[in-house]
Each structure stands twice: as structure tokens, then as C-alpha cells.
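In short: position in the sequence shown from 1, add 262, done, that's our numbering.
What follows is a short report on a single structure.
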Amino acid sequence: MTDTVVDASIAGLAAEVARLREQVEGAQRLAQRAEDRGQVENLFNRYMYLHNAFQDEQIIPLWVKEGTEGIRARYTNAGQYTTWESVTRYHRDRPSPVGKLILHATTTPVIEVAGDGQTAKGVWLMAGTESGLTDPTVAEAFPDMYSPEEVLGKKVWAHWVWCKYAIDFLKQDGEWKFWKFRCYELARAPFEENWVSFGQKNQGAFDLDLMYFGDDGKPVFMPPADQPVPETNHPYSPETVQKLEPVPPVPHDHFTDTFA
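Next comes the structure, spelled out in C-alpha cells:
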């Protein structure tokens, strides 16, 4: 075998090794991205299981570290939260009243992990129920929210509820964490009423800073916000047209703030 043939064979083998190395590296990147996507989806699912069981204190460690730049949470038009302390305050001291049931079931995720593997974006739809018992004197302030009958001497609120979520995630120390969190309430309706007629009555609700109904159904309000919202969002109305918001994420290499 001549030196020319040997050199050609070595060059061919080197090219094949380079091609195989590139394929392996590509497969590793795809596998890592799939692993990251699964971890992101599990993180939000874990959030919902904890939230449904009123175990919100356990949600706090799922957020980015204290001092992380860019942390943000937004739930209503009353404002947004931009410090670790104000964001996590939402999850502190949440009561678990007797007779209260919330069941938020998320679905239809679109999740994109950035090409650099440092951030991820996801949107979800949520359909669920929210319900509980309220002291009749407290219920007098919100008559449209309650069912006509009483149970155990208390007024009943039993609602269908639909929301959308748009969330940015940040990988810290090899683990995915919540970084920017936005919830859009899309529609709700008491069990006895359809969401179209109730939607006409409920337009002002998203401007309030109501956080949840606590013990005896007493309203508990959001902590003071750090900033006003850049743009308001309103739930379904029979007088408006639906729009694509939030826009589902698309493949991208680096983070851009698309859910502000």
C-alpha cells in the first residue's frame, strides 16, 4: 500500500470520526434539551400540586435565589412584583380553610428551551374549580359570587375558572427555577351561571388586588405592588374579541422578555 493510499485512508477515517463526533454532540444537545423541557414541565406541575393543597410555603424554594436580577410576578392589574421578598410573599401564610377546594389543572403546554440552555419559556392553559364556604355577613359584599343556598349555615361559592400562564424559567446551579411568572384570568362563572352572562358582571374584578378568600371566606388582598403593570389585561367579556395572548414561545437562542 502506497503512502498516498495510506494518507487517503487516514484522512477518510478522520473525516468519519469528525462526522460521528458531530452527530454525537448533536444528539447530546437534543437529549439535554429534552431533559430540560421535562424538568421545566415538572416544575410547574409541582407548583400546581402544592398550590391546590394550600402548601404554598413549599413553592418558595422553586423560585430563583434571593437577589436574582429580573425576578417578576404578576397576577392582576393592581401591579407587579419585582423583588424576591415581594414575589415570595404571595406564597407565605396562605390559610387552608375548612371546606375550601381549589383544583387547577394545567394543559396544552408550549415549552421552548433557549439554545444556550440557560433559560426556558412556557405557556399553559388552566381549567379548574374554586370553592368554599363564607360567613353570610361577609358574602353580602359580593352577592353575585355566591350560590343561592347555604351549607352548614354558610354561603357557598363554587366557581368554574379558566386561566392562562406565561412563565420564564432560569437554570441556577443546574436546577430550573421560576424567574418571571404571569397569570391571566381568562374567565370564571359560578356553578349556577354561565360564563357569558357572568363575564359581563365581572369586568372590574381583575383590577382589584384580591388574592384569595381566607378563613370564613374573608377576602385577603395582595401585598402592595412594586410597579404598575405596563399594560392591563381583562377577562372574557361578551363585548370583546379574543386575541392571541400570551403568544406561545418559538425556538430561540437567548432570552428575550416576551411576556412583560
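All residues carry an ideal CB built from backbone N, CA and C; glycine is no exception.
Query                                                                                                      : Result
Residues near proline 452 in its chain [Cβ-Cβ closer than 6 Å; skip 5 each side]                           : His421
CB of valine 236 within 7 Å of CB of isoleucine 364, strictly                                              : An answer regarding residue 236 cannot be provided, because it is not within the stretch 263 to 522 covered by the chain.
Counted within 10 angstroms of its Cβ, other Cβ atoms place tyrosine 311 as buried (16 or more) or exposed : exposed
Assigned secondary structure, lysine 327 (DSSP; H/G/I helix, E/B strand, else coil)                        : coil
Three-state class that DSSP yields for proline 452 in the structure shown                                  : strand
Candidates Asn304, Thr338 and Glu392: closest to asparagine 314 by CA position                             : Glu392
CB of aspartate 430 within 7 Å of CB of lysine 505, strictly                                               : no
Backbone CA spacing between phenylalanine 306 and valine 503 [nearest angstrom]                            : 29 Å
Backbone secondary structure at proline 508 - three-state DSSP                                             : coil
Member of Val418, Tyr427 and Met407 whose CA lies at the smallest distance from the CA of alanine 252      : Because the chain is modelled from 263 through 522, residue 252 falls outside the range shown and cannot be assessed.
Among Asn464, Asp515, Phe475 and Pro513, the one whose alpha carbon lies nearest that of proline 500       : Asn464
Backbone secondary structure at tyrosine 309 - three-state DSSP                                            : helix
Environment of isoleucine 333 [buried if 16+ CB atoms lie within 10 Å]                                     : buried
Under 7 Å between C-beta atoms of proline 513 and phenylalanine 521                                        : no
Separation of tryptophan 441 from glutamate 412, as counted between CA atoms                               : 42 Å
CB contact flag (threonine 368, tryptophan 346, <7 Å)                                                      : no
For phenylalanine 443: DSSP bridge partner residues                                                        : Ala335 and Ile429
Inter-stretch contact (C-beta, 8 Å, three-pair minimum) for the stretch 336-345 and the stretch 478-490    : yes
Among Tyr498, Trp438 and Thr370, nearest to valine 458 - alpha-carbon criterion                            : Tyr498
Helix, strand or coil at phenylalanine 517 [DSSP, three-state]                                             : coil
Cα-Cα separation, aspartate 298 to threonine 344                                                           : 25 Å
Given 8 Å, three or more beta-carbon pairs between the stretch 393-401 and the stretch 272-289             : no
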